[in-house]
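Participant: Numbering-wise (the numbering used here), the sequence shown opens with residue 3 and increments by one.
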Amino acid sequence: MWRWVRQQLGFDPPHQSDTRTIYIANRFPQNGLYTPQKFIDNRIISSKYTVWNFVPKNLFEQFRRVANFYFLIIFLVQLMIDTPTSPITSGLPLFFVITVTAIKQGYEDWLRHNSDNEVNGAPVYVVRSGGLVKTRSKNIRVGDIVRIAKDEIFPADLVLLSSDRPDGSCHITTASLDGETNLKTHVAVPETTVLQTVANLDTLVAVIECQQPEADLYRFMGRMIITHQMEEIVRPLGPESLLLRGARLKNTKEIFGVAVYTGMETKMALNYKSKSQKRSAVEKSMNTFLIIYLIILISEAIISTILKYTWQTEEKWDEPWYNQKTEHQRNSSKILRFISDFLAFLVLYNFIIPISLYVTVEMQKFLGSFFIGWDLDLYHEESDQKAQVNTSDLNEELGQVEYVFTDKTGTLTENEMQFRECSINGIKYQEINGRLVSEGPTPDSSDGNLSYLSFSHLNNLSHLASTSSFRTSPENETELIKEHDLFFKAVSLCHTVQISNVQSYGIGDGPWQASLAPSQLEYYASSPDEKALVEAAARIGIVFIGNSEETMEIKILGKLERYRLLHILEFDSDRRRMSVIVQAPSGEKFLFAKGAESSILPTCIGGEIEKTRIHVDEFALKGLRTLCMAYRQLTSKEYEVIDRRLFEARTALQQREEKLANAFQFIEKDLILLGATAVEDRLQDKVRETIEALRMAGIKVWVLTGDKHETAVSVSLSCGHFHRTMNILELINQKSDSECAEQLRQLARRITEDHVIQHGLVVDGTSLSLALREHEKLFMDVCRNCSAVLCCRMAPLQKAKVIRLIKISPEKPITLAVGDGANDVSMIQEAHVGIGIMGKEGRQAARNSDYAIARFKFLSKLLFVHGHFYYIRIATLVQYFFYKTLYDSVYLTLYNICFTSLPILIYSLLEQHIDPHVLQNKPTLYRDISKNRQLSITNFLYWTILGFSHAFIFFYGSYFLMGKDVSLLGNGQMFGNWTFGTLVFTVMLITVTVKMALETHFWTWINHLVTWGSIIFYFVFSLFYGGILWPFLGSQNMYFVFFQLLSSGSVWFAIILMVVICLFLDIVKKVFDRHFHPTNTEKAQLTETNSSIKCLDSMCCFSEGETACASVGRMLERVIGRCSPTHVSRLWSASDPFYTNDRSILTLSTMDSSTC
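#1: Would the beta-carbon of I100 fall within 9 angstroms of that of N70?
#2: Can you list, in chain order, the stretches of the alpha helix (DSSP H) that have 4 or more residues and sit fully within the region 336–361?
#3: Please say whether V820 and V406 have beta carbons closer to each other than 9 angstroms?
#4: According to the Cβ coordinates, are V1012 and I1057 closer than 9 angstroms?
#5: Would Q39 pass as a contact of T23 if the rule is Cβ separation under 9 angstroms?
#6: Quick check: does the Cβ of Q420 come within less than 8 angstroms of any heavy atom belonging to the ligand GTP?
#7: Buried or exposed for N1082, please, with buried defined as at least 16 other CB atoms from any protein chain shown within 10 angstroms of its CB.
#8: Along the beta strand (DSSP E) that carries L400, what are the first and last residues, could you check?
#9: Given this structure, state the Cα-to-Cα distance separating I947 from L937, to the nearest angstrom.
#10: With burial defined as no fewer than 16 other Cβ atoms inside 10 Å of the residue's Cβ, what is the status of P918: buried or exposed?
#11: Hey, M631 and A678 are a contact pair by Cβ (cut 8 angstroms); roughly how many whole angstroms apart?
#12: Going by the beta-carbon positions, is the gap between F222 and Q214 smaller than 9 angstroms?
#13: Straight-line CA distance for N2 to R130?
#14: What's the gap between the Cα of S1016 and the Cα of F1023?
#15: Rounded to whole angstroms, what's the CA-CA distance from L163 to D153? Just pull it up for me.
#16: Rounded to whole angstroms, what's the CA-CA distance from K613 to L535? Just pull it up for me.
#17: Using only alpha-carbon positions, find the residue among I544, T411, I916 and N941 that is nearest to W1005.
#18: Just reading off the alpha helix (DSSP H) that C1064 is part of, what are its end residues?
#19: For L746, collect the residues of the same chain with a Cβ closer than 8 angstroms to its Cβ; drop the 5 residues on either side in sequence, then sort them by chain order.
#20: On the DSSP bridge assignment, give the partners of K859 in chain order.
#21: By the three-class DSSP mapping on this structure, what secondary structure does I759 have?
#22: Which partner residues of Q500 appear in the DSSP bridge assignment?
#23: Compare the C-alpha of R149 against each of R138, R143, L134 and K140 and name the closest.
#24: For A651, which residues in the same chain have their Cβ closer than 6 angstroms to its Cβ, ignoring the five residues on either side in sequence?
#25: Go through its chain and collect everything with a Cβ distance to I1197's Cβ below 7 angstroms, but skip five positions before and after it.
#26: Helix, strand or coil for G93, going by three-state DSSP, please let me know.
#27: Taking Cβ positions, are T605 and L673 nearer each other than 9 angstroms?
#28: Could you give the first and the last residue of the continuous beta strand (DSSP E) run that contains A678?
#29: Buried or exposed: where does Y958 fall if 16 or more other Cβ atoms within 10 Å of its Cβ makes it buried?
#30: Around the Cβ of S1113, are there at least 16 other Cβ atoms within 10 angstroms (buried) or fewer (exposed)?
#31: Rounded to whole angstroms, what's the CA-CA distance from T699 to F347? Just pull it up for me.
#32: Relative to the C-alpha of R579, which candidate in L559, L603 and L562 has its C-alpha closest?
#33: Using DSSP's beta-bridge definition, name the partner residues of C212.
#34: With three or more beta-carbon pairs closer than 8 angstroms as the criterion, would you say the region 387–405 touches the region 366–376?
#35: Taking the straight line between their C-alpha atoms, what separation do you get for A158 and S92?
#36: Please tell me whether V200 and F41 are closer than 9 angstroms, where the distance is taken between their beta carbons.
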């Protein structure tokens, strides 16, 4: 029992070893000495709460917030001591905020519970007691044998035992895990492939030993020990044997698998654990302002307490006749009295801390996030994908970005590969109409003759030799044919491509697809490069037909050739290559290798290495992606050694990856270079325009890619990241710390000495590692002085490390990362804002991002329009709350909750201080809001001083106007305290509401309703509240007060006068600032431009031909941003680069190019 408690608390984890032992079908040893390992059940739990822990856990989380905890303390103080205000004034707003947040979080968790119940209750079939038993998914145990039918989803992580295919293979898609829609082949060990029935499986006696659960989707190590006729057979298990929960069975009728990881220990569950919480710059500023106000509050309370005791030093004021002390008060401790008085003043002044600020901000972020998804300008029609918001906490951070880090492939480019060129045996070819046309004369060929190669000639080798392409001497003829033959066979055999479902169904049952034409085959590949190469080989004449666990078939013009697949040396990011070992129909064994030139060329000892290297560089300069092909013919003895080393490495439970790496290095050596391929990945639409707009907005763009140096530079030039007039600096191929440091110092000197406006920097992964090891500061100094930085040959963790380095630099800039593949997830999560591109490399980046868009070009509107609006809205919201943040407890309670909350909430959702078109087409306006300028200490002090000055006018204006006038009330009575307080409160509420109206530029019927409706609601509520004797209230101080107040004409005059005085000062400041120190945004609001735009402000437009300074009245309307929507008249010239049809929800209406 005690151990169970410790396990539940996390002190005693259930897994004590690095491996787990699983008895298939839970057939444990019968010797009585074995204690089974404990594994969790198969329930998926994505919910946060249960019925029992919801209240305490939710309250604990909410009271971790400083503001909530502070108001809880104030509420408790009001309950414990005699304070000037009722505990309701703190308790009711606190209860409202806590309740609203709890309901929201509880509802979201209830939806998660429903989703969990649906998944956990799904029907599955399990082999038990010699038969198939139908049960629920949550009842699957580790060791159970599960049957899965075609198109069903795997309910747990299973090791494949058998399928309906004789070779024990099956095909799956992992789109729900990593977004890859291609078919992936998984295979069972040979000893279990024959167990295709329940009866046969019931005879299986086997044990699986594997690693404990980990999140890596592509890593799995284990072994299966099968007992057969009193002998133990050991077979290695790797990722090719593991069927992941969430994947779907395709192209196979049924399979049987044994559960090895269940429930929250499956790889899917481990990958979807919550990420670290990101906090925006606005939230950090808000917390800073809150601390400042807390200091002001405590200072006020201390000063007031000291002044109270100073006042009471005179005996007549210490105990006046109207406030006699009790005996207990006279005998109480002075220290306790001081503390009690201090707490009383703290409670009295605590309303300068706006408790409703947090709930309003949460509502604004949550509701505002829908606008991104509703924006049809961010909708990609071809892929039917709209923008997605995965977190609403960072909306305003989109308006603060200073650095953009972007991947290249699939983000800047389409990730649609087209085979363009190749180099075979030192000769360069282009593909034209299914033929490879040589760019120059081949050896021994006549100048002027068109050289081409088509594998239609492989039907007749003598014809191939007689073509102009290969007019070689007889002794070279055979060798030349062999090189070209091997090159395209390597392309057709060295890959992981699969055939589509219907066409590949039946593979392994004789001649596969022999009757199909190449155009009828549809290939699926995890890499678009592989698919492009296999399709190119098919067009040339060598067609890949299909594969099984042990066989691959290609067809050369109707002639089938079957190759036995002996081993696959999988691709990994360290080697940057993959290889296959096959046995040809003639019995010869070949190793075919494919990879980056940096990984292939050093391993080659033969072939046209230098010519191919030159061709690869030429391909890269054109922006093409390159791969090198090589081969090695293996003798029988060499293969025996290779086979033994691979078996030992793959069956090792300890250090398996290291042993495999050593084995691969031993095998992939002494290669003969065949040539190189070049495929094109074209740029996405409007990439150049988007990058240029980001640069104009003051945002620095870094490209982080794994491509080679030349390819990356070429793409950077073509997309506008680098331009021709930019001075390109290079930090590449550094071998040591000292060499790297010297190169960095030289670059720093060049930047200082060169009279060039802009510099660009190219750095590779190796040099970056050296620079970050010892010379971070020097490297950062160079980077900060460069307008654009390109990092090539980057590993995923290096991308994240670069972003981390920029984040922690002294300037603390806001960073944004954009990527589309699983290798971009680390940098997306590291950046302040992560953007996932919903591209062709899967959905893993989009799922792990904060926002997901379909195309890179949408980034401009996301930042320049949505980011700009969100930041202005929430910055005004935060400062306005501190500005407007006393009297009867009901009024105090409802002030922030009801009377003044809706106008600012609607403002924060709908405000457009400038037209969206202008923001998107004038990126320089983005600079006006950078560096969190709207929430600078200067602006904060202005709003704070404005709030104090208005409060001063409210109180003393009411005092001097009303305090000593005996003729205010019709019956001759003077104002009492409650009437005076109501007057102050009325002036305050009207002022702060009209102040919000002055800040509003974009008026809709909703704004009018909530702004003027809030004032009307206050008057109606006050008349209702003060017109009835409420029996449940302890005092009736407000009875008939509001009726008496409004019956006086002098009161109406005083209200209007004080409101005008308060807001006149604010209007004067706006006029002064906008006419003497206008920002770029204000200039765009106020002035006409050369593009025939008559008015740029969102709602305030002028009649045709009227100038901006037609009258003082018009000037004030422009300054405040006010005019009737009926007078809107915008003219757009046909040549303007604006969207011809803005379908954005932001404009609330369709906008054509001719009208607004």
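Beta carbons: idealized from backbone N, C-alpha and C, even for Gly.
Facilitator: Per the coordinate set shown:
#1: Working through the sequence shown from its first residue, we reach residue 100 at position 98. Working through the sequence shown from its first residue, we reach residue 70 at position 68. Taking 9 angstroms as the Cβ cut-off, I100 and N70 qualify as a contacting pair.
#2: 336–351
#3: The residue you call residue 406 lines up with position 404 of the sequence shown. The residue you call residue 820 lines up with position 818 of the sequence shown. For V406 and V820, yes; Cβs fall inside 9 angstroms.
#4: Start at 1 with the first residue of the sequence shown, and residue 1012 comes out as number 1010. Start at 1 with the first residue of the sequence shown, and residue 1057 comes out as number 1055. It is not a contact, given that the beta carbons lie outside the stated cut-off.
#5: Stepping through the sequence shown from its first residue, residue 39 is reached at position 37. Stepping through the sequence shown from its first residue, residue 23 is reached at position 21. Yes. Within cutoff.
#6: This structure lacks the ligand GTP; in fact it carries no ligand of any kind.
#7: Position 1080 of the sequence shown, counted from the start, is the residue given in the question as residue 1082. Flag for N1082 reads exposed.
#8: To locate residue 400, count along the sequence shown from 1; it is residue 398. Looking at the DSSP string, L400 is not in any beta strand (DSSP E), and its letter there is neither H nor E.
#9: Numbered from its first residue, the sequence shown carries residue 947 at position 945. Numbered from its first residue, the sequence shown carries residue 937 at position 935. Note on geometry: alpha-carbon atoms of I947 and L937 lie some 15 angstroms from one another.
#10: As a position in the sequence shown, residue 918 is number 916, starting the count at 1. The residue in question, P918, is buried, as its Cβ has 16 or more Cβ neighbours within 10 Å.
#11: Working through the sequence shown from its first residue, we reach residue 631 at position 629. Working through the sequence shown from its first residue, we reach residue 678 at position 676. Going by Cβ atoms, the distance from M631 to A678 rounds to 7 angstroms, so yes, they are a contact pair.
#12: In the sequence shown, the residue the question calls residue 222 occupies position 220. In the sequence shown, the residue the question calls residue 214 occupies position 212. No, the pair does not count as a contact, with Cβ atoms beyond the cut-off.
#13: This structure cannot speak to residue 2, because the chain is shown only from 3 to 1158.
#14: Numbered from its first residue, the sequence shown carries residue 1016 at position 1014. Numbered from its first residue, the sequence shown carries residue 1023 at position 1021. Cα to Cα, the separation comes out at about 10 angstroms.
#15: Position 161 of the sequence shown, counted from the start, is the residue given in the question as residue 163. Position 151 of the sequence shown, counted from the start, is the residue given in the question as residue 153. Near 18 angstroms, if we compare the C-alpha coordinates of D153 and L163.
#16: If you number the sequence shown from 1, residue 613 lands on position 611. If you number the sequence shown from 1, residue 535 lands on position 533. For K613 and L535, the distance between alpha carbons rounds to 21 angstroms.
#17: Indexing the sequence shown from 1 puts residue 1005 at position 1003. Checking every option, the nearest Cα to that of W1005 belongs to I916.
#18: Taking the sequence shown and counting its residues from 1, the one referred to as residue 1064 is at position 1062. Residues G1051 to F1078.
#19: Numbered from its first residue, the sequence shown carries residue 746 at position 744. L733, A773, H777, L780, F781 and V784, listed in sequence order.
#20: As a first step, residue 859 is located in the sequence shown; it is residue number 857 there, counting from the start. Beta-bridge analysis with DSSP links K859 to no other residue.
#21: On the sequence shown, residue 759 is found 757 positions in, with the first residue counted as 1. Note: I759 maps to coil in three-state DSSP.
#22: Translated into the one-based positions of the sequence shown, residue 500 becomes position 498. In the DSSP output, where bridge partners are listed per residue, Q500 has Y526.
#23: Position 147 of the sequence shown holds residue 149. Closest by alpha carbon: L134.
#24: To locate residue 651, count along the sequence shown from 1; it is residue 649. If we look at A651 and ignore the five residues flanking it on each side, its Cβ neighbours are K661, L662 and A665.
#25: With the chain covering only 3 through 1158, there is no way to say anything about residue 1197.
#26: Indexing the sequence shown from 1 puts residue 93 at position 91. In this structure, G93 counts as helix in the three-state DSSP scheme.
#27: Taking the first residue of the sequence shown as position 1, residue 605 is located at position 603. Taking the first residue of the sequence shown as position 1, residue 673 is located at position 671. Yes; because the gap between Cβ atoms is below 9 angstroms, this pair is in contact.
#28: On the sequence shown, position 676 is the one that residue 678 refers to. L673 to L685 is the span of the beta strand (DSSP E), which, as asked, contains A678.
#29: On the sequence shown, residue 958 is found 956 positions in, with the first residue counted as 1. It is exposed - the Cβ of Y958 has fewer than 16 other Cβ atoms within 10 Å.
#30: Residue 1113 sits at position 1111 when you count from the first residue of the sequence shown. Confidence in S1113 is poor, its pLDDT being 40 and thus under 50, which makes the residue's placement unreliable; the coordinate value appears in the next sentence. Exposed is the call here.
#31: Walking along the sequence shown from the start, residue 699 turns up at place 697. Walking along the sequence shown from the start, residue 347 turns up at place 345. Residue 699 is actually Ala in this sequence, not Thr. The alpha-carbon atoms of A699 and F347 are separated by roughly 49 angstroms.
#32: Stepping through the sequence shown from its first residue, residue 579 is reached at position 577. Distances from the CA of R579 to each of L559, L603 and L562 were compared; the closest alpha carbon is that of L603.
#33: The residue you call residue 212 lines up with position 210 of the sequence shown. Per DSSP, R22 and G224.
#34: yes
#35: Here the question's residue 158 lines up with position 156 in the sequence shown. Here the question's residue 92 lines up with position 90 in the sequence shown. Distance from the CA atom of A158 to the CA atom of S92, rounded to whole angstroms, is 50 angstroms.
#36: Counting from 1 along the sequence shown, the entry for residue 200 is found at position 198. Counting from 1 along the sequence shown, the entry for residue 41 is found at position 39. Contact: no.
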